[in-house]
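Going letter by letter, the sequence shown gives residues -18 to -1, 1 to 733 in mature numbering (1 follows the signal peptide of the UniProt record, and there is no 0).
Scroll down for the structure; my scribbles are underneath it.
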Amino acid sequence: MVLSPALIILHLLYIVCKEKNSEICTAERGLVIDRTEWFHVYSYTKRNLVESAVCLQVMGTEIPCADRSPSPTTPTSVHELRPGDIKVVAAVGDSLTAANGVGAKKDNILLVINEYRGLSWSIGGDENITTVTTLPNILKQFNPSLTGFSEGIGDENSPKAFLNQAVPGATSRSVTTLGIDFNNDWKVITMFIGGNDLCDFCTDSIFYSARNVVTRIRQALDILHSEVPRAIVNLVELLNIVPLRDLHRDNTLNCPTWFVRLICPCILKPLDGSSELQKVIDFNRAYQVHTMRELIDSGRYDTHNNFTVVLQPFFREVFLPLQEVGRETLETSLLQRAHTLMARALWNNMLEPVGNKTFTQDFTVSIDLKCPSETNPFFKTALNSNYTFPGPTPTPNWGSDFSCVNTAPSNSVPTSGNHSQLRPADIQVVAALGDSITAGFGAKAKNLLQLPTEYRGVSWSIGGDKTLETVTTLPNILKKFNPEIRGMSKGQGKLQTGFNMAVSGAKVAEIPGQVRKLIDAMIKDSAVDFQNDWKLVTLFIGGNDLCQYCNDRVSSLVFRFKISFLFTLILRYVCSCFLFPGEDSPELAEIKRINRELQVSNEKKLVYGGRYDGREDFTVVVQPFLKNTIVPLNDGKPDTTYFSEDCFHFSERGHADMAVALWNNMLEPVGKKQTYNNFTNARNNIKCPTEVRHVPHKHICHDKVPAWLAAVLAVVGLLIGSAVTWLLLSCRAKKSKRMMSTAVETKMTLF
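In structure tokens, the structure reads:
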């Protein structure tokens, strides 16, 4: 059994770290009874019922509300719900909702594994409000026929767990598997999750990133939204867990810090003032803000009147109970006392207007229950609070600023014999050849279902969506010099491909076929002066050949630049040649050797060997910006925002950076071109031509070339975009028991 890290620390605070003289129960304002009672409850197991002794601190609550009546008729709107209208309660979450160890006898850590669901703050229904304070026991004072609450001890499958479906150790991924089907009565569902994700983030900061956590919470809420009518969902904001580190500073408390370090290293191991601790704080805030607040503020769950989700933020700031000498108050009953205070805080949050809710949880003071107001006796939602959703955070665009002044074309259009004098504004047609990268495969995908979509409009070398200010591509840069440029692809799919001939999955052997199609398309396009327009063609190919090299070493033409930094399950099948060999294996060493040979031989012999220097209206230039590319990092980890959902293809952000690097390479002299790309996405990275840059002729070539290629040579200025330095985003696996893997430590190999 895995316990929530937040709960483990609370349990250590409230159960394990008890002082021996804590038998006497302390009085608390708001308690009806102030005494300790021993009684028997039943521990439900799959095999039998085991009677166990439990020391329960009686902590009831006084209900000051005079009007406890329901609405005259059953409401049809979730925004007009009174407490008495609620007929069903339910809860999903982890061990804090499962109430692990709440009723355990002191000094017995083994009893922490017991799930005292009847005492759970949000779903427990043991006894009544005079002895046990829980949200259902409060609601039962407004509607005695309330159902759904859990009783006694047992796991989520025990008979009396009922609609308490909290599972100890549950992460945000677990709740999406629940099959909830309520059809009739008004329901309150409380969801409290995220502690385990936060506890594990340092072992897998990608899988447990705020972005991924919000996706899984959204999936769970989407299920409720689509399947559960007449429901108000309390999404309890993740607590600020960092202050709980203070519990383990005092060695005299005899807390098993070693155990907590083992199950929750991300919280306790960082030193005070360290960057690691700051990362914990940042992740905690990111979970609260990005994972929860922004999701609810999007208005996603307020599309009809019989369902809503309300964020209850009382756990945002936590204040621990301290004695005068600074030590934590360690009374026998404090774990149950914590559940008591949490139940009251949740109830009060439910009655406070959205936008003006209490966001602190102070364990040092008691909490008085609030009552529904006479003028607005409803549970508060965004609508009846007159709250205006700020909407989702605007999606960042990956445009670029343009500061070039000299954007004029040549005084007269360069003719054959003058290609070395071409200015950017002289280019009238753009085209591209290649594979899935150039096709924009998954560039704007938000999930795996969208991954196969080809977003050709944002493709780095040929996309033409919108303008440079919002979408950075090579054509959008060129449009600043020549607004009438043609050939760029737009949108999704193949409806507006222009002269983007790239085919996802294409290999080098298929490029001649793409060239033939390109020539035919240009000739048939009436807007193109095939004989006179200057054309810029970008060729980027080789990744698929490299992936399949080990399967067919004879026919595979391999180009390779390898970066090993992420794991994606799909890639074990797509690119097995890179994922299966060990780091120091002969197989990987062989691929490295071949890659180096091809980089050198293709650049020197094929491109600059003089083969394509025999004509004045054609040239080939290798743009080597990917030769020694620097992996984009974020806090020492691979920055996944540069890559699509499969951690293999580029995202729109990655395409933008590639476009700028290609453009800048084009302006740099041959022999002095930058051979790396430091992914930064600064908006001001675009260089400007300060003088006419041209490619010096190295050789005069008299060799014959194939007839199909001669047609291209006569009319096309061909730019090969790092074909000999293909950037392969191969993700080498780190062994894991998870079905979905963890991210691995960054390892970069340069060839």
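All residues carry an ideal CB built from backbone N, CA and C; glycine is no exception.
Give me, in chain order, the residues of the same chain whose beta-carbon lies closer than 6 Å to that of residue i; leave out the 5 immediate sequence neighbours on both sides.
{"i": "Leu323", "result": "Ile349"}
{"i": "Asn379", "result": "Thr452"}
{"i": "Lys122", "result": "Leu128"}
{"i": "Thr657", "result": "Pro606, Lys609, Asn610"}
{"i": "Thr392", "result": "Reading off the sequence, residue 392 comes out as Ser, not Thr. Answer for Ser392: Arg405, Asp408, listed in chain order."}
{"i": "Glu634", "result": "Trp380, Ala425, Lys426, Val440"}
{"i": "Val395", "result": "none"}
{"i": "Met483", "result": "Leu415, Gln496, Lys499, Leu500"}
{"i": "Lys655", "result": "Pro606, Asn647"}
{"i": "Ile45", "result": "Gln123"}
DSSP three-state call for residue i: helix, strand or coil?
{"i": "Arg282", "result": "coil"}
{"i": "Ser471", "result": "strand"}
{"i": "Pro65", "result": "helix"}
{"i": "Leu131", "result": "According to the sequence provided, residue 131 is Phe. The question's Leu does not apply to it. Coil."}
{"i": "Asn331", "result": "helix"}
{"i": "Met648", "result": "helix"}
{"i": "Gly100", "result": "helix"}
{"i": "Gly445", "result": "strand"}
{"i": "Phe289", "result": "strand"}
{"i": "Glu41", "result": "Reading off the sequence, residue 41 comes out as Met, not Glu. Strand at Met41."}
{"i": "Val485", "result": "coil"}
{"i": "Gly636", "result": "helix"}
{"i": "Phe423", "result": "strand"}
{"i": "Glu276", "result": "helix"}
{"i": "Val395", "result": "coil"}
{"i": "Val336", "result": "coil"}
What does DSSP give as the partner residue(s) for residue i in the beta ladder?
{"i": "Gln343", "result": "Val300"}
{"i": "Phe522", "result": "Gly416"}
{"i": "Gly75", "result": "Phe174"}
{"i": "Gln294", "result": "Val218"}
{"i": "Asn366", "result": "Asn366 is not bridged to any residue."}
{"i": "Lys517", "result": "Val411"}
{"i": "Leu615", "result": "Pro620"}
{"i": "Val453", "result": "Trp380"}
{"i": "Ala213", "result": "Lys169, Phe289"}
{"i": "Glu436", "result": "Phe423"}
{"i": "Gly106", "result": "Ser132"}
{"i": "Phe625", "result": "Phe632"}
{"i": "Val224", "result": "Paired residue(s): none; Val224 is not in a bridge."}
Using only alpha-carbon positions, find the residue among the options that is nearest to residue i.
{"i": "Thr420", "options": "Asp49, Gly636, Gly100", "result": "Gly636"}
{"i": "Val412", "options": "Cys181, Thr357, Phe481", "result": "Phe481"}
{"i": "Lys517", "options": "Asp502, Lys506, Ile523, Ile467", "result": "Ile467"}
{"i": "residue 734", "options": "Val604, Phe625, Ala638, Lys609", "result": "Given that the chain is displayed from residue -18 to residue 733, the structure contains no residue 734 and the question cannot be resolved."}
{"i": "Thr370", "options": "Asp284, Val218, Pro614, Phe661", "result": "Asp284"}
{"i": "Val490", "options": "Pro465, Leu415, Lys448", "result": "Leu415"}
{"i": "Lys476", "options": "Thr56, Gly439, Thr601, Phe297", "result": "Gly439"}
{"i": "Glu133", "options": "Asn119, Asn125, Phe124", "result": "Asn119"}
{"i": "Leu226", "options": "Ala327, Val602, Gly177, Met648", "result": "Gly177"}
{"i": "Val485", "options": "Asp417, Gly473, Asp447", "result": "Asp417"}
{"i": "Val519", "options": "Trp645, Pro614, Lys448, Thr662", "result": "Trp645"}
{"i": "Ala503", "options": "Ile523, Thr479, Lys448", "result": "Thr479"}
{"i": "Thr623", "options": "Ser191, Thr397, Gly473, Leu206", "result": "Ser191"}
{"i": "Ile205", "options": "Asn366, Asn330, Ile171, Ile523", "result": "Ile171"}
Using a Cβ-Cβ cut-off of 7 Å (strictly less than) and excluding sequence neighbours within five positions of residue i, which residues of its own chain qualify?
{"i": "Lys28", "result": "With a pLDDT of 32 at Lys28, under the threshold of 50, the predicted position of this residue should be treated as unreliable, and no value is reported."}
{"i": "Glu334", "result": "Thr340, Lys362"}
{"i": "Gly161", "result": "Per-residue confidence for Gly161 stands at a pLDDT of 41, beneath the threshold of 50, marking its modelled position as unreliable; no derived number is given."}
{"i": "Val642", "result": "Ser382, Thr454, Asn667, Ile668"}
{"i": "Leu63", "result": "Pro57, Trp168, Ile214, Phe360, Phe361"}
{"i": "Val291", "result": "Leu203, Val215, Leu217, Ile278, Tyr283"}
{"i": "Leu259", "result": "Pro252, Leu253"}
In chain order, what residues of the same chain have a beta carbon less than 8 Å from the beta carbon of residue i, not counting five sequence neighbours either side?
{"i": "Pro372", "result": "Asp279"}
{"i": "Thr56", "result": "Asp67, Trp168"}
Taking 8 Å as the CB-CB limit, is residue i close to chain C?
{"i": "Asn610", "result": "This model lacks chain C altogether; it includes just one protein chain."}
Cβ pair count under 8 Å reaching 3, the segment 499 to 517 against the segment 432 to 441: no
At least 3 beta-carbon pairs within less than 8 Å: the segment 383 to 397 vs the segment 663 to 670: Contact holds between the segment 383 to 397 and the segment 663 to 670, because three or more Cβ pairs, one in each stretch, are under 8 Å apart.
Stretch pair the segment 487 to 504 + the segment 454 to 466: three plus CB contacts closer than 8 Å: no
Meets three-Cβ-pair contact criterion under 8 Å: the segment 197 to 214 and the segment 108 to 119: no
The segment 244 to 251 in contact with the segment 177 to 197 per 3-pair CB rule at 8 Å: Yes: at least three Cβ pairs fall under 8 Å.
Stretch-stretch touch, CB-based, cutoff 8 Å, three pairs: the segment 63 to 73 with the segment 191 to 199: no
Segment contact flag, the segment 267 to 277 with the segment 343 to 359, C-beta cutoff 8 Å, min 3 pairs: no
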